[in-house]
Each structure stands twice: as structure tokens, then as C-alpha cells.
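**Q** Numbering of the sequence shown is given in this note's numbering, commencing with residue -7 and proceeding in unit increments.
A virtual CB, placed ideally from N, CA and C, is assigned to each residue, including glycine.
Quick caveat: nothing in here was measured; it's all calculated off a predicted structure.
Structure below; questions to follow.
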Amino acid sequence: MTKNLLVELLVEELPPKSLKQLGNSFAGLLADSLKAQGLITNDAAITPYATPRRLAVHIANVAAQAADQAVTQKLMPVKVGLDAAGQATPPLLKKLASFGADASAVPQLKRALDGKTETLFLDIVVQGTLLTDGLQKALQDAISQLPIPKVMTYQLADGWQSVHFVRPAHSLVALHGANVVPVSVLGLQAGRETQGHRFEAKVNPIVLHNADSYAQQLQTEGAVLAGFVERRTEIARQLAAAAAKEHLTLIDDEALLDEVTALVEHPNVLVGQFDAEFLQVPQECLILTMKANQKYFPLLDANGKLANKFLLVSNIRPADPAQVIAGNERVVRSRLADAKFFFDQDRKKSLASRLPELDKVVYHNKLGTQGKRMHYVRAIAKNIANRLGGVELTNQANEAATLAKTDLLTDMVGEFPELQGIMGRYYAQHEGLSDDIALAIEDHYKPRFAGDELPRNPVGVCLALADKLETLVNMFSIGEIPTGDKDPFALRRHALGVIRILIEKDLKLNLNDLIYNAILQINDVSLSVTPGSNSKPKYDNHAASTESGLDLITFIYERLAGNLREQGYTAQEVDAVLSLNPQLLNDIPKRLAAVRAFAALPEAVSLAAANKRVGNILKKSEGAISDTVDTGLLQEADEQALYQALQAIQPQTEQAFAAGDYTASLQMLATLKTPVDTFFDHVMVNVGDEKLRNNRLALLAQLHRIMNRIADLSKLAA
């Protein structure tokens, strides 16, 4: 007979950023252990609960005892278990006794090969696990495997024993239907009592009737919404309603909503207000202050500008919330005053005046200071700008790169590192610098994450590429290469940033040239004298390695391949294009589109297979292969037909290729199917006559070049 099971651990306040994961993991690990022991089925309904003070799970249809299982138990080799007369030996009798059997079981023993050895096996019935034993094991397994960010060690009430858990635990509930399951963990014995809200519970302790009454009793008697999802939904509903009532718009922030859900058990959304004078401070500063420090939800007006109102999620519901609102307004006023102070103080110094201070900030102990890094980035940015826009863009890139890192030394960015770049833009605009320079200072960090926007102007593009290339080149040159899931310098993100900028901005910049020019620029800076640089004598020995450039290029192509597969291209399509190592990454989407269109042609399968065959023949050939075909040596009609077909389509494919119409260039290859097929059906390539053989290899080499200019079509062969 099955009943529903409820397990709850009541603890002190759990870390809010981990609560959602802890709740789901606790429920999942407990259920997985019960499944493994046969106490629940694979499709059993599992409902996790998680509040700041509890981890719980409700599992449907849990058996009081698992079903018995028939098991075939390996005993020992026949020659060990039976003597020459076929009688049981003492070792066999001892083994049988361990399973509750005796000599009478010997005739029923099975013989089978275990590898090359004939072995004795015993069929036995294993009694199913009792729920008490199974749940005890499941609890211990779940607690030991929880993804706890930092484990606490605390003493139990006896003053002698210590236990380890994310936070001190105070009670344990384990109900199978209406019955308590006598299990224990963390020094706690299971019961049916739990606690409701610290201040608003109608009853404390709450005596649970049964496993199914848990959520309802906590809500009605304890003023607690136990389900994380339910509580999050309720908070989102209240936030939307409050914003609509104020005719303002809520800023979506899923992470903040999760965190606030993990901070309250009885959510109550209230509206607060701050002095309008604070709106003179950049809204990014105010928004970050309210979110990061106070967990408030800022509001925007109809123009997308920050309003001087915010939403807070209280954990209590007093009849008159005025005091709660007033208290939060006092706190936010102090926070915003700090932000205004930082903003006012920072504007008293120009960005350029902060440059000498960059030489006092270590970027990396093997690479030097931020001042040295600025020179690296500036040199790379000027080189890129010169290729993209000439003198004017080069001068702008030089100015933007010089000032790009100076806001790291401001009070505002010191308090809120997330505002780096953003504050640089505001301070640059305050000084009267052009928007091109100001926006580039902000945008040189972009894209900061997957899906982020790209730099908005050519100066920002040059600076963003330079910043990412400097980081990649220098980190690879000192061996700081990502391994496994470890990537402390976010090099994978930087590589994807380079890829996205080159492709989405359609920049005709050769990837190899970018990497090796960046290496040259870095080494030129390292060897040059930097006037006024306090850090020069200590760090001038660094030189970027040209050998590491090859590793970096491979790394970027690996990131590119993964990114393209995530966009929906098949592994074959990606491999076909990237195996040619195309240096202009902005060409890759067109190449992929062309490959996909070619693969849809009825002739594609045959041509891809033929292309693979041609490649194998050419690889096995010895000696150099001529670039030209001697028409006088074309003896067979089918090799003449192939040559004529190649001559007919070569100008057209080259013209389409030069125009960037890769799809048309590849689709013209469809006309080669018949002459290629008949060539391989009737012409022997590796004939004894050396001149004839070499001429046919030259013909195949010409075919191979025409077919694989855009992608390696052999990769499409099955």
C-alpha cells in the first residue's frame, strides 16, 4: 500500500542566492534515492518546497516497503565450490549460509561461464527495503550531496557532537500519510511539528495532520507560502499590479526576483519614494544601488527614464505599512546620497588626470599594470582603426583607448565595479568629449554576456576588438588557458566577443592578421619606453609569444564551431566550412548558407562522396601535382568530358565567388555530377604510364580546387 510522503528540514535562514537550487536538489536527491531503492516509481509526482527557513519535498505514492526482488547471486568457481564427487566444499557451505541457505540448495545451483571460468550461481529472493530504512539512507544521501556553497560546522544541544550543514537545522518532519517515519539526521528526530512565519503565524508550532496538508497548513496557520514557484509567482503578480497602479513600468530582473523570493515567506509588495533631486545622478547608478544593496525594484516612466518611486517586497503585512515604507525610504535615501556623493566627487577630476594612477594598479603580476595594459590596447586599437577607417578613426581610437580604463579609478566604479565603462561614458560627456569617444569608452566591454548588444560606433568596435584581443593574446602567452569549467579571465567570452563583432559588424578583417598584429603591437609596446611609467622596470620583460598565437587561433575556431552549432547549424555543415580555416569570419554565415543550399540538391550526395574520393586519391599520390592539365594526354572520352565540364563552369564559379555569391557558386557544381560519375566509372587514374597518371591527377586536383573553394564538401559525405 502506498501513501504520500512529506519531508521537511527547518533551518536558520538559508543563503538566498542558493535557495532555489538547494530546494530543487534536496527534493531531487531524496526522490532519486527512494527510486533506486524501489520505494517509488519513476513517474512519481515530486513537489519541492523552499523558503528562507526550510527545505521540503512532497512525494506521491511512496510504498511502506519495496517489493521483493529475485536476484541471481554469483558464488564461486565450480572447481572451488564442488569437490571431485560433486559435493559442496566448506567454502561453498559457508557462502550459502551467508545467504540463509544450506547444503540442500546445492542441487538448485546454476552453472554458467563467468568470463572463461565455470561459476556457480544461486537464485535468491531479496526482501524489499522498508521505508524507515530507505528514507534514512535517502536523507543522508541527499544532505551529503547538496550543492552547498559553504558548509557550516555547529554543535548539537548535547555540547559534544558537531554536524556539518549549510545552516543550523532545528527540526525534522517525516510523514508517510498521517504517520511519522522514525528517521533521524543532523541530530534531529523526525516528528510532525514545524514552525510558521516568525512574526505572523497564527499558531506555533504547527502540528501537521498528514503529508498532504503541509502546504495548506503552512499558509493558513503559519502565514507561509512554502512553494518557491508559487511564492515567486505571487511576488511577480503583486509587483506588476503595484507598477500598473502607479502608471509606471517595472524593470524585468529574473535574478533579483529569484533572490527576493528566497528572502521572504509572506510577500507583501509596497511602494516607496525618494527625493527627485537624486535623479540628477546617472540612472544606472541609482538602479544598481537599489537592486544590489536593498533588493528594491526600480520603476521607469513612459519615456524609459527612472522614476523616483520603487517597489519593495516586505516579509510582513501590518495593518498600516507606513512605518515599513518610511524605514525603507530612510535607508534608500542614505544609499542614494552615497551614490550622489561619489558622482559629484568623481567629476572634480578629469579622466586624463587619472592616467598616472593606472601605473599603480596591477593588471596581472606577469603582465604589468593597467597603465601598461592601456598602451597595449591603444596600439592594437590604432592598428585596427587604420585598416578600417584611416587617419580620423585612428586618432579617435587612440583617444578612446587612452581614457577607456581611467574610470576604474573613480569612487563610483570602486563601489560598483559593474558600472565600469558606463561611468566612463558619463564622465567623458561631462568633460565635453565627443559622443563617439564617450560611447566607445562604455562599449569597449561589449558584448559583456551572451546576447548582449555590440558596440554602437566604429570607434567602439575598434576599441572592443583591441581590448579582447589584448586579453586573449597576453593570457595565452603566459599560459593562462581555460581548462574544463575553469576560465577565471573569461577568455571564452572574450573569444565569442571577437567572433560576434567580426561577423555581425561584417568586418573584412583577417583573423590571423588580427592575432599576429596584436602580438607585434604588444611586443613593440613592451620594448618601448613609457615616459612617467612607475611600473616600467618591473614589467618590461613580458613579450607575447608567436607560438601561443597558433593555440589562440585554434581556441577561437573551437568557440566559433560551438557557437554555430548552438545557432542550429549541423556539425557536418560547420565542419565543412571551418575545416578550410576561413580567415574572414564575416564570410562564414554566407558560406554556411551556401553549404546548406548545396546539401539540399539531389546531386549533393554523389558529389560529396566523389569529392571525398578525390581527396583520398590526391593524398596518396607521390610527388608534386601539376597545376595545369595537358589536353594532349586526355585519351579517354570521359576524362575529356570532365575537363570540358570544368572549363565550362570555372569562369562562372569564380565570378560568383568573387562577387560573394557563394550559394550560386556551389550550386553550379550540380552540372558536374554526370561527368564526375562517368569519369570514375570508366577511367583508371593510377595507370602505369607516369605521364598519363600525373595528368589525370592534375585533372582531379583542378576538380578538387573548384569544389572546395567555399567549403570542404567531403565533410558532407556519409
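(1) So within the segment -4 to 74, which uninterrupted beta strand (DSSP E) runs reach at least 3 residues, ignoring any that extend past its ends?
(2) Any idea what DSSP makes of residue 276, helix, strand or coil?
(3) In the DSSP assignment, find the unbroken alpha helix (DSSP H) run with residue 629 in it and report its ends.
(4) Tell whether a beta-carbon distance below 9 Å holds between residue 253 and residue 291.
(5) Give me, in chain order, the residues of the same chain whose beta-carbon lies closer than 8 Å to that of residue 185; leave out the 5 immediate sequence neighbours on both sides.
(6) Residues in the same chain with beta-carbon distance under 7 Å from residue 263, minus the five sequence neighbours each way, listed in chain order, please.
(7) In this structure, how does DSSP classify residue 536 when only helix, strand and coil are distinguished?
(8) Nearest-angstrom Cα distance between residue 529 and residue 342?
(9) Consult DSSP for residue 470 and reduce its assignment to one of helix, strand or coil.
(10) Do residue 325 and residue 267 come within 9 Å of each other at the CB atom, strictly closer than that value?
(11) If you count every other CB in all the chains shown that lies within 10 Å of the CB of residue 154, and 16 or more means buried, which is it?
(12) Tell me whether the beta-carbon of residue 576 lies closer than 9 Å to the beta-carbon of residue 503.
(13) Quick check on this structure: which residue in 567, 674 and 328 has the alpha carbon closest to the alpha carbon of residue 706?
(14) With three or more beta-carbon pairs closer than 8 Å as the criterion, would you say the segment 469 to 476 touches the segment 452 to 459?
(15) I need the straight-line Cα distance from residue 700 to residue 51, nearest angstrom please.
(16) Candidates 226, 512 and 635: which alpha carbon is nearest residue 538's?
(17) Within this structure, are the beta carbons of residue 408 and residue 332 separated by less than 9 Å?
(18) Is the beta carbon of residue 111 sitting closer than 9 Å to the one on residue 68?
(19) Need the endpoints of the alpha helix (DSSP H) that residue 378 sits in, please.
(20) Can you name the start and end residues of the beta strand (DSSP E) that residue 154 belongs to?
(21) Identify every run of the alpha helix (DSSP H) within the segment 545 to 583, keeping only runs that are complete inside it and at least 4 residues long; order them along the chain.
(22) Considering only residues of the same chain and omitting the five flanking positions on each side of residue 91, which have a CB-CB separation below 8 Å?
(23) So residue 631 packs on residue 697, CB below 8 Å; how close in whole Å?
(24) Starting from residue 111, trace the alpha helix (DSSP H) in both directions and tell me its first and last residue.
(25) In whole angstroms, what is the alpha-carbon distance linking residue 486 and residue 282?
(26) Taking just the CA atoms, how far does residue 495 sit from residue 665?
(27) Give me the Cα-Cα distance between residue 390 and residue 330, rounded to the nearest whole angstrom.
(28) Applying the criterion that 16 or more other CB atoms from any shown protein chain within 10 Å of the CB defines a buried residue, is residue 462 buried or exposed?
(29) Which residues in the same chain as residue 526 place their Cβ atom closer than 6 Å to its Cβ, once the five residues preceding and following it in sequence are excluded?
(30) Using the C-alpha atoms, what's the distance from residue 581 back to residue 670?
(31) Compare the Cα-Cα distances from residue 554 to each of 88, 376 and 492 and report the closest residue.
(32) Pull the bridge partners of residue 302 from the DSSP assignment, please.
(33) Which same chain residues end up closer than 7 Å to residue 362 when comparing Cβ atoms and leaving out the 5 residues on each side of it in sequence?
(34) Quick check on DSSP: helix, strand or coil for residue 477?
(35) Give the single residue among 141, 416, 213 and 225 whose Cα lies nearest to the Cα of residue 274.
(36) I need the straight-line Cα distance from residue 322 to residue 288, nearest angstrom please.
**A** Short version:
(1) Secondary structure within the segment -4 to 74: the beta strand (DSSP E) runs of 3 or more consecutive residues, fully enclosed, are 38 to 43, 46 to 55 and 61 to 69 (chain order).
(2) For the purposes of this step, residue 276 is taken as residue 284 along the sequence shown, with counting starting at 1. Residue 276 falls in the helix class under three-state DSSP.
(3) Here residue 629 corresponds to residue number 637 of the sequence shown, with the count starting at 1. Element bounds for residue 629: 629 to 650.
(4) On the sequence shown, residue 253 is found 261 positions in, with the first residue counted as 1. On the sequence shown, residue 291 is found 299 positions in, with the first residue counted as 1. Not a contact, by the Cβ cut-off of 9 Å.
(5) For the purposes of this step, residue 185 is identified with residue 193 of the sequence shown, where counting begins at 1. Residues of the same chain with a CB within less than 8 Å of the CB of residue 185, apart from the 5 flanking positions on each side, are 163, 165, 197, 198, 199 and 200 in chain order.
(6) Your numbering for residue 263 matches position 271 in the sequence shown. Sequence-distant Cβ neighbours of residue 263 in its own chain, meaning closer than 7 Å and more than five residues away, are 234, 238, 301 and 303.
(7) Indexing the sequence shown from 1 puts residue 536 at position 544. Correct three-state label for residue 536: coil.
(8) The residue given as residue 529 occupies position 537 in the sequence shown. The residue given as residue 342 occupies position 350 in the sequence shown. For residue 529, the predicted structure reports a pLDDT of 40, less than 50, and the residue's modelled location is therefore unreliable. The matter cannot be settled from this model.
(9) Taking the sequence shown and counting its residues from 1, the one referred to as residue 470 is at position 478. Coil.
(10) Residue 267 sits at position 275 when you count from the first residue of the sequence shown. Residue 325 sits at position 333 when you count from the first residue of the sequence shown. Yes. Within cutoff.
(11) What you label residue 154 is simply residue 162 of the sequence shown in a count that begins at 1. It is exposed - the Cβ of residue 154 has fewer than 16 other Cβ atoms within 10 Å.
(12) Taking the sequence shown and counting its residues from 1, one reaches residue 576 at position 584. Taking the sequence shown and counting its residues from 1, one reaches residue 503 at position 511. Taking C-beta atoms as the reference points, residue 576 and residue 503 count as a pair closer than 9 Å.
(13) Stepping through the sequence shown from its first residue, residue 706 is reached at position 714. Comparing Cα-Cα distances from residue 706 to each of 567, 674 and 328, the minimum goes to 567.
(14) Between the segment 469 to 476 and the segment 452 to 459 there are fewer than three C-beta pairs closer than 8 Å, too few to call the two in contact.
(15) In the sequence shown, residue 700 corresponds to position 708, counting from 1. In the sequence shown, residue 51 corresponds to position 59, counting from 1. Roughly 59 Å separates the two Cα atoms.
(16) Against the sequence shown, residue 538 aligns to sequence position 546. Closest option to residue 538, Cα to Cα, is 512.
(17) Counting from one through the sequence shown, the residue named residue 408 turns up at place 416. Counting from one through the sequence shown, the residue named residue 332 turns up at place 340. Judged by beta-carbon spacing, residue 332 lies beyond the 9 Å limit of residue 408, meaning their Cβ atoms are not closer than that value.
(18) If you number the sequence shown from 1, residue 111 lands on position 119. If you number the sequence shown from 1, residue 68 lands on position 76. It is a contact, given that the beta carbons lie within the stated cut-off.
(19) Counting from 1 along the sequence shown, the entry for residue 378 is found at position 386. From DSSP, the alpha helix (DSSP H) with residue 378 extends over 362 to 395.
(20) The residue given as residue 154 occupies position 162 in the sequence shown. Unbroken beta strand (DSSP E) run through residue 154: 154 to 157.
(21) With a minimum length of 4 residues, the continuous alpha helix (DSSP H) runs that stay inside the segment 545 to 583 are 563 to 570.
(22) Indexing the sequence shown from 1 puts residue 91 at position 99. 65, 114 and 116.
(23) In the sequence shown, the residue the question calls residue 631 occupies position 639. In the sequence shown, the residue the question calls residue 697 occupies position 705. Not a contact, Cβ separation roughly 17 Å.
(24) Position 119 of the sequence shown, counted from the start, is the residue given in the question as residue 111. Looking at the DSSP string, residue 111 is not in any alpha helix (DSSP H); the run it does join, the beta strand (DSSP E), is 109 to 118.
(25) Counted from its first residue, the sequence shown places residue 486 at position 494. Counted from its first residue, the sequence shown places residue 282 at position 290. Rounded to whole angstroms, the separation of the alpha carbons of residue 282 and residue 486 is 29 Å.
(26) Taking the first residue of the sequence shown as position 1, residue 665 is located at position 673. Taking the first residue of the sequence shown as position 1, residue 495 is located at position 503. Going by the C-alpha atoms only, they are around 33 Å apart.
(27) Along the sequence shown, read from residue 1 onward, the residue named residue 390 stands at position 398. Along the sequence shown, read from residue 1 onward, the residue named residue 330 stands at position 338. Between residue 390 and residue 330, the C-alpha separation is close to 34 Å.
(28) Position 470 of the sequence shown, counted from the start, is the residue given in the question as residue 462. Residue 462 is buried by the Cβ-count criterion.
(29) Along the sequence shown, read from residue 1 onward, the residue named residue 526 stands at position 534. Confidence is the limiting factor: at residue 526 the pLDDT is only 43, short of 50, which leaves the residue's position unreliable and the question unanswerable from this model.
(30) Position 678 of the sequence shown, counted from the start, is the residue given in the question as residue 670. Position 589 of the sequence shown, counted from the start, is the residue given in the question as residue 581. In a straight line, the C-alpha of residue 670 is about 34 Å away from that of residue 581.
(31) On the sequence shown, position 562 is the one that residue 554 refers to. For the residues 88, 376 and 492, the minimum Cα distance to residue 554 belongs to 492.
(32) Position 310 of the sequence shown, counted from the first residue, corresponds to residue 302. Bridge partners of residue 302: 264 and 290.
(33) Looking up residue 362 in the sequence shown gives position 370. Counting only Cβ-Cβ distances below 7 Å, and skipping sequence neighbours, we find 350, 353, 355, 397 and 400.
(34) Within the sequence shown, the letter at position 485 stands for residue 477. Coil at residue 477, not helix or strand.
(35) For the purposes of this step, residue 274 is identified with residue 282 of the sequence shown, where counting begins at 1. Ranking the options by Cα distance to residue 274, first place goes to 416.
(36) Taking the first residue of the sequence shown as position 1, residue 322 is located at position 330. Taking the first residue of the sequence shown as position 1, residue 288 is located at position 296. In this structure, the CA atom of residue 322 is about 13 Å from the CA atom of residue 288.
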